[in-house]
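Taking it in order: structure first as structure tokens, then the write-up.
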Amino acid sequence: MYVHVHVCSGNPPLQELPAVVALKNNTCPCPLYKFDFEDDPRLRTPEKVTRSRNESSVKLSHKKQKFRNKWLQNTEFKNWLVPAQNDTYKGKCKLCNTEITAEITVIKKHMTSKKHQVIIRSS
Numbered sequence: 025m026y027v028h029v030h031v032c033s034g035n036p037p038l039q040e041l042p043a044v045v046a047l048k049n050n051t052c053p054c055p056l057y058k059f060d061f062e063d064d065p066r067l068r069t070p071e072k073v074t075r076s077r078n079e080s081s082v083k084l085s086h087k088k089q090k091f092r093n094k095w096l097q098n099t100e101f102k103n104w105l106v107p108a109q110n111d112t113y114k115g116k117c118k119l120c121n122t123e124i125t126a127e128i129t130v131i132k133k134h135m136t137s138k139k140h141q142v143i144i145r146s147s
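In our numbering, the protein residues as written are 25 to 147.
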């Protein structure tokens, strides 16, 4: 797409009009300049950024969470969750004998895992 640019002595001195503006016989009282949008990198559509697998756009730091004893009072966890003995950043499932990262989402995910559910149903 082209832009028709008028360079006149009038106000404003530089005026841009879309190329679709029809000029009779393609004439203009002032010098005529044509600019191609493709020549101006600011006017081009940005190129798509592609990333390979396992490549994140933003790397956020993640603070490790310590095991909280208040989780032991939760009715969903109190029968099977205990703190890990040698790591304050982990918990342990008594039923599955599995260490779990001390994050509430990880604990809830373990609670819904197949292995944990099978052991609960069998006991």
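In this text, a Cβ means the ideal position worked out from N, Cα and C, and glycines have one as well. All values reported here derive from a predicted model rather than from experimental measurement.
> By Cβ distance below 8 Å, which residues in the same chain neighbour residue 101 in space, the five residues on each side in sequence not counted?
Replying inline: Taking the sequence shown and counting its residues from 1, one reaches residue 101 at position 77. Excluding sequence neighbours, residue 101 sits near 95, 131 and 135.
> To which residues of the same chain is residue 89 closer than 6 Å at the C-beta, ignoring the five residues directly before and after it?
Replying inline: Sequence index remark: in the sequence shown, residue 89 carries index 65 (1-based). For residue 89, where only same-chain residues beyond five positions count, the Cβ hits under 6 Å are 126 and 127.
>> Beta-carbon within less than 6 Å of residue 139's beta-carbon, same chain only, minus the 5 sequence neighbours each way: which residues are those?
In response: Locating residue 139 in the sequence shown gives position 115, where the first residue counts as 1. Once the five neighbours on either side are set aside, the close Cβ partners of residue 139 are 120.
> Which one or two residues does DSSP pair with residue 123 in a beta bridge?
Replying inline: Working through the sequence shown from its first residue, we reach residue 123 at position 99. Residue 123 pairs with 116.
> Any idea if residue 84 is buried or exposed, counting beta-carbon neighbours within 10 angstroms, 16 or more meaning buried?
Replying inline: Taking the sequence shown and counting its residues from 1, one reaches residue 84 at position 60. So residue 84 counts as exposed.
> With DSSP run on the structure shown, which of helix, strand or coil describes residue 73?
Replying inline: As a working note, residue 73 is residue 49 in the sequence shown. Coil, per DSSP.
> Would residue 144 be called buried (16 or more neighbouring beta carbons within 10 Å of its own) or exposed?
Replying inline: The sequence position of residue 144 within the sequence shown is 120, counting from 1. Residue 144 comes out exposed.
>> Among 112, 103, 114 and 77, whose alpha-carbon lies nearest the alpha-carbon of residue 147?
In response: The sequence position of residue 147 within the sequence shown is 123, counting from 1. Checked all of 112, 103, 114 and 77; the closest Cα to residue 147 is 103.
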